[in-house]
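Residues are numbered in this note's numbering as their position in the sequence shown, beginning at 1, plus a constant of 14.
Backbone N, C-alpha and C fix where the C-beta goes; we use that ideal spot for every residue, glycine too.
Keep in mind that this is a model prediction, so the values were computed, not measured.
Let me begin by presenting the structure, written as structure tokens, before commenting on it.
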Amino acid sequence: MKFVLFKKSLEEGAQPIYLFEGEEEYFKARGEEMLREKFIAEPSLDSAAYDGAEMKGAAMTALVAAAESFPFLSEKRLVKVTDFHPSEKEYNAYLKKYFENPQPSTVLLIVNGAPAKGKGFDLKKAPNVTFVDCGKADEETVMRWIYTRFKREQIYADTEVCERVMRYCLADMSRVAGETEKLIAYAGRGGKLTSDDVDEIVYRDTDYKIYEMTGAVSAGNYTKYASVMAELRSKGADEMNILNGLCSYFRTLFEIAALKKSDAETAAALGMKEYAVKMSRRQAAAFTPVRLKKCYNALYGAIGGVKSGRLTPEGALLRANADIFFGLKPNNRA
């Protein structure tokens, strides 16, 4: 099930075994928190945690023994294991019996960042396992979450406000949740939020600042470019941080443009999050492929100049800025 359905499913009680899997840490942490709030009255007595990396072979008997124990003062006992990828042989030898007949007063929670690689057993196929997809949420889900959170505090926030929060946090739910709470504290219950409030309160990811600088390049807006660069410098980024960030981003834009695959396929190929691919693709469309490559080459050359000792970091950044804005042909020409 999608994570958004998980909370509602708890109204009917807990399932004996959950598999939380995906890259979104917020969903995994929040899901565990929900289980503890609803079923665990005394965590020190009625919960246990294990590192899946240490659960090899016969060591899995300790995990099963913990799951078979009864709770003391709580409705349920919570046994959590992280990054747990047993082989099929290990599953059959140590886990199969428990999965087929789990202890009804225990919730066994398996929290994985990614599916098993190689010959690992697919836990989603095991009996009595409820799979909760903790992958990256789509834009609509993130926007709805932000809007609902504000509404719960009786705070007025329009679509533009919610969208800015999402964009500035690159749709990363851990950051979205934190920045949303800052805005709630700022507005107060029953208050109102504007786009200007978001600009003032929400910290924009460094990656988002690189995104803004690249957008300024496509628009030929050097003033905006210099302003964001100055903001990065004020936050501790030096010349090489900026050069490396821009170089990597332009390389990614060029790769996305060259791949010509769907957002999901591109995200998998480049090891990116799908929302970041969508934003990057939108930005890449503002450049010709030739100009993307020239911008990348200008930045790569400047970095090479520092490494070879021909340029100082300050000189390399000045040279790259000049090449990008004034040394390249307009975007509508090759």
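Please tell me whether, using a cut-off of 6 angstroms, the distance from the CB of Gly341 to the nearest non-hydrogen atom of the ligand PLP is below it. By its list of ligands, the structure shown contains no ligand whatsoever, and the ligand PLP lies outside what it can speak to.
Where Phe113 and Ala28 are concerned, what is the direct C-alpha to C-alpha distance, given to the nearest angstrom? 15 angstroms
Quick check: the Cα distance between Glu350 and Ala67, rounded to an integer number of angstroms? Look at the range of the chain in this structure, 15 to 348, and you will see that residue 350 is not part of it.
State whether the stretch 268-287 contacts the stretch 237-255, with contact taken as three or more CB pairs (one from each stretch) at a distance under 8 angstroms. no
Using C-beta distances below 6 angstroms, list every residue in its chain close to Val125, excluding the 5 sequence neighbours before and after it, in chain order. Phe34, Lys42 and Thr96
Looking at Ser88: is its Cβ nearer than 7 angstroms to the Cβ of Asp60? yes
Tell me the DSSP secondary structure of Phe268 in three-state form. The answer is helix: DSSP assigns Phe268 an H, G or I state.
Can you tell me whether Tyr222 is helix, strand or coil according to DSSP? helix
Grab the span of the alpha helix (DSSP H) containing Tyr289 for me, first residue to last. Glu288 to Ala298
Does the stretch 166-182 touch the stretch 212-220, meaning 3 or more C-beta pairs lie closer than 8 angstroms? yes
Check whether the stretch 147-164 touches the stretch 47-55, taking contact to mean three or more Cβ pairs, one atom from each stretch, closer than 8 angstroms. The answer is no - the stretch 47-55 does not touch the stretch 147-164, with fewer than three Cβ pairs under 8 angstroms.
Hey, Tyr170 and Leu207 are a contact pair by Cβ (cut 8 angstroms); roughly how many whole angstroms apart? Right, the Cβ-Cβ distance comes to about 7 angstroms (below 8 angstroms), so this counts as a contact.
Any contact of the stretch 229-238 with the stretch 182-201, i.e. 3+ C-beta pairs under 8 angstroms? no
Taking Cβ to Cβ, would you say Leu122 is nearer than 7 angstroms to Ile31? yes
Pick from Leu257, Asp65, Gly202 and Val18: whose alpha carbon is nearest that of Asp221? Each of Leu257, Asp65, Gly202 and Val18 was checked against the Cα of Asp221, and the nearest Cα belongs to Leu257.
Starting from Glu56, follow the alpha helix (DSSP H) in both directions and report where the run begins and ends. Here Glu56 belongs to no alpha helix (DSSP H), and DSSP marks it neither H nor E.
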